[in-house]
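Q: Here it is, the structure in full.
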Amino acid sequence: MAEIDFDREVSRMSEQVERAEGATAAQIAKVGKVTGAAEAPDGVIRVEVSPGGLLTRLELSALALRGGSDALAAQIMHLADRATRRAGDRMFKTLSPVVGQGGERHLRSLGYEPLPDDEDDPSFRGYGGR
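With the UniProt record's numbering, letter number 92 in the sequence shown gets 92, and the count goes up by one each step, no holes.
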């Protein structure tokens with residue numbers, strides 16, 4: 001049975017991690033801030049989230065309150081969910097060139113998946129943009 005040189009293997013793995021970190025940082029720097037955004041069809045509610053769904057921006061006009069607090073909360077949750085899927089799509093598209101096909105499985109396991117072409121509505125004006 002062959003002996004394993006643990007020091008060499010650890011060193012090799014550390015180098016791989018460092019290369020992956022560098023490639024990921026370069027890709028994020030090239031792409032910019034990775035977020036997802038969504039807005040109500042009438043434009044009275046806008047949300048922005050980071051990958052994973054953390055709400056980073058919420059814009060409401062006075063008209064957003066016309067349906068009451070329950071309707072407002074439901075609409076915000078719906079838009080945040082849509083924005084989260086968009087952020088996951090953008091993160092997948094940003095990192096998949098770095099991680100390759102094997103890594104794409106891991107991105108999916110983290111919830112970063114490409115959106116089906118027909119899922120997004122036509123009123124969306126761009127990832128993280130306006």
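We put the beta carbon where it would ideally sit given N, CA and C, even for glycine.
Report yes if the C-beta distance between Ala74 and Gly53 is below 9 Å; otherwise report no.
A: no
Q: Quick check on the burial criterion: 16 or more other C-beta atoms within 10 angstroms. Buried or exposed for Arg12?
A: With a 10 Å radius around the Cβ and a threshold of 16 neighbouring Cβ atoms, Arg12 comes out exposed.
Q: So, does the segment 109-118 touch the segment 38-45, judging by three or more C-beta pairs under 8 Å?
A: no
Q: Output the distance between the C-alpha atoms of Gly129 and Met77, rounded to the nearest integer angstrom.
A: Any reading at Gly129 is ruled out, since the residue's pLDDT is 36, under 50, leaving its predicted position unreliable.
Q: With DSSP as the reference, label Gly36 as helix, strand or coil.
A: In the three-state DSSP reduction, Gly36 falls in the strand class (E or B).
Q: Whether or not the segment 57-76 and the segment 105-112 are in contact is what I'm after, with contact meaning three or more pairs of Cβ atoms, one per stretch, closer than 8 Å; do they touch?
A: Touching, no.
Q: For Glu3, which three-state DSSP category applies?
A: coil
Q: Around the C-beta of Leu79, are 16 or more other C-beta atoms found within 10 angstroms, so that it is buried, or is it exposed?
A: Around the beta carbon of Leu79, 16 or more other beta carbons lie within 10 angstroms, which makes this residue buried.
Q: Tell me which residues share the same chain as Arg46 and place their Cβ nearer than 6 Å to its Cβ, disregarding the 5 neighbours each side in the sequence.
A: Glu39 and Glu59
Q: By the three-class DSSP mapping on this structure, what secondary structure does Arg125 have?
A: Confidence is the limiting factor: at Arg125 the pLDDT is only 40, short of 50, which leaves the residue's position unreliable and the question unanswerable from this model.
Q: Exposed or buried, Ala29, counting other C-beta atoms within 10 Å across all chains shown (16 or more means buried)?
A: exposed
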